[in-house]
Amino acid sequence: MNGVVDWLILHSPALIIAIPLLGAFLTILIGKIGPRIRNVFVIIIMAITSFLILLLVNDVFTNGIRTYVFGGGSTSIESSYAIRILFEIDGLNAFIAIIAAILPIVAIIYSWAFMKEHTGLDKYYTLILLMTAGMLGMILTGDLFNFFVFLEITSIASAALIAFYLDKQNSIQAAFKYIVISAIGALFLLFAVALFYGQYNALNMAVIANNISFTFIDKIALVVLFAALAMKAGIVPMHMWLPDAYGRAPASITVILIGTTLASLYGLFRVIFTIYGKYLFSFDSTQMALTLGVLIIILAVVTIVIGVFMALKQNDFKRMIAFAAIAEIGYMFLAVGAALSTYTFERGAAIISASGQMALKGGIFHIFNDALDVGLLFLVAGAVYYAAKETSLNKLGGLARNMKYTTVFFLIGLAAVSGLPPMNGFASKLIIYQSMFQINPLLTIVAILCSILLLAVFVKVFYSVFLGPKLPKFSGVKEVPKSMLIAMGIIASIIVFIGLFPNIFVENIVTPATNALQNATSYIGGVL
Amino acid sequence: MLEWIEPLIKTLTTDSGFWNPLVWGIVFIISYLVIYIVRGMGKKEYKKDTGQTQVFLSGNPEYDKEKMHVPGANVYWGFTEALKWLYNKFDKMHTGNVSDYILWFVLIMGLFLVIMVVI
Amino acid sequence: MTEDLLISLIHIVVPILIIAASIVAIYLKDLIAAAIAVAAMSLLLSLEFFILQAPDVAIAEAGVGACLTTAILIIAIKSTKRMEDEA
Amino acid sequence: MTMRNAAGVIFFAIVAVFFIFSILSLHPFGDFGEEGDKYYLEPKMDDYIIDNAQNETGANNAVTSVVFDYRGFDTLGEATVLFTAVAGVILIFRRLGK
Amino acid sequence: MAFYVPYIAVVALILIGLYAVVFKRNLIKIVIGITFIECGVNLFLITLGYREKSIAPIYTSSPGGIMSLPVPQALTLTSIVIGVAVLALMLSLVVHIYRHYKTLDARKIIGGDEE
Amino acid sequence: MSGMSKIVKTITSIAFPFVMIYGLYVILHGHLTPGGGFQGGAVVASACAMIVVAFGSIWTMKKIKENQLSILESIGAIGFIVFAFLGLIILFDNSGIFFKNVFANSVYLFGQSVEYASTTANINTAGTLPLMNIAVGLKVIAGLFVIVLVMAYASNKIKERGD
């Protein structure tokens, strides 16, 4: 028994990708037998994957960095070149992988009832599994070209799923915009990878990070990588695809889309802090990190402001949440920018200052909270759409009487996303505010004001969807089926748990992730 | 005996402050009790099957349900109206044209290239 | 010596032809013609790959780029609109 | 509209200039330089594969051995991309095809 | 010595593609532009792997000697297949857009069934 | 597209076997000569696309259903991932690893070893590589063919409905 578990842990990095892929290939065949068997099969596959992820994450948090070389053989030659593709998992990967373990399984459970009436479900579930595999590949890989390949898998699967409601003009155009954006982002990423390859003859992140010398080419590659990944992560002013895609996709898909966006954000973190980390935090380039940090802070503030202000104006439930999600991404960026712009020198080595580190911790924590909070809100929006067949805030009203559980879940999501105590959003935002206050009080003021506005946004939703007089149009509305309630319940309970005991989470998971992010040397040491 | 609970109730410390949901919860429960007592005091005067239960709109009769419904677009009307100049600019930015999305991408890339490489 | 010169010449001429074909493909208003230009560009690119000692990629580019891409493009153009509208 | 185009042209020029300079500062076309050159690059990874591919994988074609052995995982991803695209196209045309 | 002509061609292809995406209004032209960017990046990878007076890295045709680098070729193969996959999906969506909007003008593909 | 003139059909049916054979050759000899699963698959798929263009998508759809092709593609993909799994499963001790080329330099299937810089084209080499080539070839043929077929058929339907 112990041997099997050891074997599973040893090979979990490969199995985490291979099992969803195998499941996706088999789903088409199994779909011929019957829908019920297919649904059960997909849930089982996803459950195994999530279980393996948790095993791997647990192993990484206890035993440190893991590498997995595909095809066997030695990790590197002459301890300076990695030949084969390898996965390298440190605290940061593991942290993001937890999100990727939670969101897809919730989405699949949710889809059971939510998608029941539609055709083409074989392909739907296949694509969900592929999207999950792509997202996990992006998160776990230690090879830049491999990252590009998985990015493409994720984008293609997402685009096809965004276009799921074929009869709606908006979903088709959103899918087209999304695929154009992703294709161009991915191609520029590939261009940057080629620049690295031409310079160092290496594709492995750790090897590139070890060799990086910040020449003219490296600076250009940094900018290209930053722009491409920031576009995929939805930073203003490259965010316009996001409300379209989030708002028009089926709610179950949107939940996974949040995960893919965060995977792009993870790629950005990896590029800035690991690949360029060795050079950005050194004496020769004080100007460089500061410039990048200030630029990121400016973008982040613009992101928060535009996201919140646009959200306030929207009259479509899902579009509104999408703009709120953009604002949430701004908070993470704010933390990163703060960390980059405030590092100090100690004994010849550059380290991020204490307040910067705290901000980074808050930002990383906020990634997790954002995924859960926004995901829950989208699931609620989907439930409302399922019950009332309507997403326009102008027409909805008075649903609280008929949909009690959904209302409760919405309130939990509202409190969490706008940072009301005692939900998880408050804990991470508190850390960000307090650390930002030491860096620049003005930023804190903007952040807090926008958070309040975010609360106002969701109060508007709460008022216009759930409160108000009972409309005769929606008198026949019933509570949504059990599988959707279970899916929302899982996320809501995690939110409440983290909200009540933030300390366990911060100490055991967020702090190792933050340390891993700052420690490029140990990431390099994992390979070479 | 209660060792397992210790890590749960630890305080989350930030650089200059702390956050403990437990303390917050106790305060919340106390204030809830106070509110409940105050509400109970008012509840005594409430009588069923009288005019008290009806909606009071300055003495006018209650409107139709459909008419009472305030659509979402009207909720922050004053706010959006006051900041119309800002919203006009934002609306101009969100054209919805794919080419513009890519143009923004090129713009940001060019800007960053100039700032990062030249400076 | 002359062989070297010839190879250098090919390395100069083929990329220029590729660029020319791509400009033509963007310029043409008739989308079917543009698709043909894309096919021509793909073939030239495949030739360039062959000259750059990558026969594997050349076969793939010839099969995918010149044949399948064009087929898909033409199918899509036939089911939509043939001419690009004037501004 | 004209402002958009003007901004587009200006930033296009900037991006073009930087890209051209970035590419020109790589090693020259077909020339990896010699030791001491500024742009000298020793392709260790590829030389290792060229020298050892036959022994390790038994394939005469080094490209195939890279595609399926050294970077086999990429190829799995690539096959998955195609699979995804097929599933996507069938999904998108699901009602028209019937 | 072919100077830098293939490198210039790479940048030219990328920029022509980007030009088509940003300034052309027809969706099919936009798709073609993306194809060009992809071709440019592929050519870049292969160009990086070319060594002067080298042979293809296939031992069946010749024993040893200077060989061009095999890794970029493998990467390009992957990239080509990814390119055709993306293209197929994009064009399917274009067909659907035309079905819904009866136009291929990128400026008019906005909004939609908000009732 | 509803098929082209008789000349095109005849030429296509003459050319089809040759292209097909070339494609299959490229797939099978992928580890010896330029080519492999993708390249050969693309060549065969372009031959199939030729058939679709010449004979029309409706005729082709009657001969072979998109469902069958989709299943064929799934089988190819499963085959590929199973060959990748072989490295993990056959050597169940700790030396097994995902994507390990287990058959290379063994005596079994495709397992003869090759000297450095030898030019002999021995097809019985390269371990799992030829098997993977075949699986990927099958997958690519089915995948690209089904893309062309479905798109052609659907656009035909859109035309028919008279948009």
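Chains as they are written, first to last, in our numbering: chain A, 1 to 528; chain B, 1001 to 1119; chain C, 2001 to 2087; chain D, 3001 to 3098; chain E, 4001 to 4115; chain F, 5001 to 5163. The C-beta atom is built at its ideal place from N, Cα and C for all residues, glycine as well.
| Item | Value |
| --- | --- |
| Minimum Cβ-Cβ distance from Ala3007 of chain D to chain B less than 8 Å | yes |
| Closer than 8 Å to chain B by CB, Val3081 of chain D | no |
| Option in D:Gly3088, D:Glu3056, D:Thr3002 with minimal Cα separation from Gly71 of chain A | D:Glu3056 |
| Any chain E beta carbon closer than 8 Å to Tyr197 of chain A | yes |
| Segment limits, beta strand (DSSP E) that includes Glu3056 of chain D | No beta strand (DSSP E) holds Glu3056 of chain D; the alpha helix (DSSP H) holding it covers 3044-3057. |
| Same chain only: Cβ atoms within 6 Å of Ser155 of chain A, ignoring 5 sequence neighbours per side | Ser182 |
| Residues from the region 5141-5157 of chain F in contact with chain E, defined by Cβ distance under 9 Å | Gly5143, Leu5144, Ile5147, Val5148, Val5150, Met5151, Ala5154, Ser5155 |
| Residue closest to Lys5062 of chain F, alpha-carbon to alpha-carbon, out of F:Val5140, F:Tyr5153, F:Thr5012, F:Lys5139 | F:Tyr5153 |
| Residues of the region 1088-1106 of chain B whose Cβ lies closer than 8 Å to any Cβ of chain E, in chain order | Thr1095, Gly1096, Asn1097, Val1098, Ser1099, Ile1102, Leu1103, Val1106 |
| Span of the alpha helix (DSSP H), counted from its first residue to its last, around Arg3095 of chain D | No alpha helix (DSSP H) holds Arg3095 of chain D; DSSP gives it neither H nor E. |
| Proximity test, Met1109 of chain B beta-carbon vs the ligand PLP heavy atom, cut-off 7 Å | The ligand PLP is not among the ligands present in this structure, which contains no ligands whatsoever. |
| Lys2081 of chain C: contacting residues in chain F (beta-carbon distance under 8 Å) | Near Lys2081 of chain C there are no residues of chain F at all, since even the closest Cβ is about 11 Å away, more than 8 Å. |
| Exposure of Gly382 of chain A, with buried meaning 16 or more beta-carbon neighbours within 10 Å | buried |
| Interface flag, Asp3074 of chain D vs chain E, CB-CB below 8 Å | yes |
| Other residues of its chain near Leu3041 of chain D: CB distance less than 6 Å, five sequence neighbours each side excluded | His3027, Phe3032 |
| Leu86 of chain A, DSSP secondary structure in three states | strand |
| Which listed residue (A:Leu136, A:Phe164, A:Ala94, A:Ile99) has its alpha carbon closest to that of Tyr125 of chain A | A:Phe164 |
| Assigned exposure category for Val5 of chain A - 16 Cβ within 10 Å defines buried | exposed |
| Buried versus exposed call for Pro5130 of chain F [16 or more other C-beta atoms within 10 Å across all chains shown] | buried |
| Cβ of Ala4012 of chain E within 8 Å of any chain B Cβ | no |
| Contact list for the region 504-521 of chain A against chain B, Cβ threshold 7 Å | Ile504, Val506 |
| Residue-level contact to chain D via CB, Val5053 of chain F, 8 Å cutoff | no |
| Anticipated Cβ contact below 8 Å, Ile235 of chain A with Leu299 of chain A, distance rounded | 6 Å |
| Beta-carbon separation (whole angstroms), Ala535 of chain A vs Gly259 of chain A, contact threshold 8 Å | Only positions 1 to 528 of chain A appear in this structure, which leaves residue 535 of chain A out of reach. |
| Chain-ordered neighbours of Thr126 of chain A on chain D, where CB pairs are closer than 9 Å | Phe3083, Thr3084, Ala3087, Leu3091 |
| Any chain C beta carbon closer than 8 Å to Val3063 of chain D | yes |
| Status (buried if at least 16 other CB within 10 Å, exposed otherwise) for Pro472 of chain A | exposed |
| CB contact check: Ala4009 of chain E to chain C, cutoff 8 Å | yes |
| Paired residues, beta bridge with Thr141 of chain A - DSSP | A:Phe87 |
| Between the CA atoms of Lys1047 of chain B and Phe317 of chain A - distance to the nearest angstrom | 40 Å |
| Classification of Leu5027 of chain F by the beta-carbon crowding that lies within 10 angstroms, buried from 16 upward | Strictly speaking, residue 5027 of chain F in this sequence is Ile, with Leu absent from that position. With 16 or more Cβ atoms within 10 Å of its Cβ, Ile5027 of chain F is classed as buried. |
| Enclosing alpha helix (DSSP H) for Arg248 of chain A [first to last residue] | 241-248 |
| Delimiting residues of the alpha helix (DSSP H) encompassing Tyr68 of chain A | From DSSP, Tyr68 of chain A is part of no alpha helix (DSSP H) but of the beta strand (DSSP E) over 66-69. |
| Contact under 8 Å by Cβ, Val301 of chain A with Leu334 of chain A | yes |
| Neighbour-count burial assignment, Met4067 of chain E, 16 or more Cβ in a 10 Å radius | buried |
| One or two residues paired with Ser4092 of chain E in a DSSP bridge | DSSP output for Ser4092 of chain E lists no bridge partner at all. |
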